[in-house]
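Here is the structure we will look at.
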Amino acid sequence: MKADRIVLGIAVVIIGMVWLLVNLGVIPAAAARELWRYWPLLLILWGVLLLLGKDNSGITGLLVALLVVALVGGGFFSYLTSSGPKSAQTFETTISNEGNVRAVNLQLIQHAGELELTSHPGSDLVALKLQTQVQPKISHKQEEETAEILVKDQDDKFNFDNRVSHWQLSLAEQLPLQLTLHTGATKANLDFSHLLLEELEIKAGAGDIDLRLGQTDCEITIESGASEITIYIPDNVGVRLRTSGALMSIDSDEGRMISVGDRSYFSKELETKDAVADIHITAAAGKVKLRHDHTARVINRYSSNNEDVELL
């Protein structure tokens, strides 16, 4: 095959691939523009093929592959290093309890970043402070007596521009809570010690996750690629932990957990606990650390006058 036909064919294929990926939203237009800075590589390849002649098909194939890698990889690297991150902004808002809300169903979709979740004694359903380049989508509606709240990063498959993401949320203490978190790489600190958590579902790519359990019966499901998960357990709360994953390890302090076989671990004296958390963790690799929460306050959430009573 003549050298000029090879070079022309490669150019057409690359242009078509880049155009298609931009139209599909797989790569940003800015990154595609960076690829054209590398067009002299086609001239270099043309010259090399002319020197090699027509009897070096194996070398020709290798050169073609290297050229494609250089164009695509070089374009993305140039885009990432030259554009730089946008300055982060802080978005703050509060969702009030405007109806007869008696429960909260919260869904969080964060591409990657840091997440802090705490509680507050006020009547507002949730207070949000989101530090990021692009304001996440926030929506809420009421289904009967349940508030359905969604906080979601703007769609961007590679999230090139959204390099800073720090979410802080504070939830109402007195309302039963169901929480779903979908994220990529994350550093999450979730404090449920004063929340009425019923269900928690986490799907994460990788990262560090700290969970501070509350004092209600709950079900927790975590799916992750590779994560280190630390769970803080109050004195009066028991845990039934089940794990799945070839490279998972369990670290329990003070011998508070016992193995019951089949990668399952239960708290000692489970039947004497005021509340039990059923936890199922699935991860390809990682570590689960179970720690006694020395700072937890024992709270009776179900007193006769419907008020919290601290047992000091």
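Every letter in the sequence shown is one number past the one before it in my numbering, and letter 232, counting from 1, is 242.
Heads up, the beta-carbon is just placed ideally off N, CA and C, and yes, glycines get one too.
Item, Value
"Taking the straight line between their C-alpha atoms, what separation do you get for G94 and G194?", "In this prediction, G94 scores a pLDDT of 49, lower than 50, which makes its location untrustworthy; the coordinate-derived value is nonetheless stated afterwards. Taking the straight line from one Cα to the other gives about 21 angstroms."
"Ordered along the chain, which non-local residues of its own chain (more than five positions away) have a Cβ less than 6 angstroms from that of D288?", "E229, R250"
"How many Å lie between H302 and Y275 at the Cα?", "15 angstroms"
"Check the C-beta distance from H130 over to D163 and give it rounded, since I have them as a contact under 8 angstroms.", "24 angstroms between Cβ atoms; not a contact."
"For Q152, I'd like the list of residues in its chain whose CB is within less than 6 angstroms of its CB, leaving aside the five on either flank, ordered along the chain.", "G109"
"Check whether the segment 204-223 and the segment 154-163 touch, using three or more Cβ-Cβ pairs below 8 angstroms as the test.", "no"
"Checking 8 angstroms against the spacing of the C-beta atoms, do L185 and L138 come in under that value?", "no"
"In this structure, how does DSSP classify T282 when only helix, strand and coil are distinguished?", "helix"
"Since V174 is in the beta strand (DSSP E), which residue starts that stretch and which ends it?", "Note, V174: premise wrong, no beta strand (DSSP E); not H, not E."
"Can at least three beta-carbon pairs, one atom from the segment 215-228 and one from the segment 251-268, be found at a separation below 8 angstroms?", "no"
"Which one or two residues does DSSP pair with M258 in a beta bridge?", "G296"
"Quick one: what's got a C-beta closer than 6 angstroms to G248's C-beta in the same chain, skipping five residues either side?", "S277, L280, K283, V286"
"Between which residues of its own chain and A182 is the CB-CB distance below 6 angstroms, once the five residues before and five after are set aside?", "L135"
"Counting C-beta neighbours from all protein chains within 10 Å, is the total for Q225 16 or more, i.e. buried, or is it exposed?", "buried"
"Using the three-state DSSP reduction, which class does D288 fall into: helix, strand or coil?", "strand"
"Would you mind sorting I232 into buried or exposed? The rule is 16 or more other CB atoms within 10 Å of its CB.", "buried"
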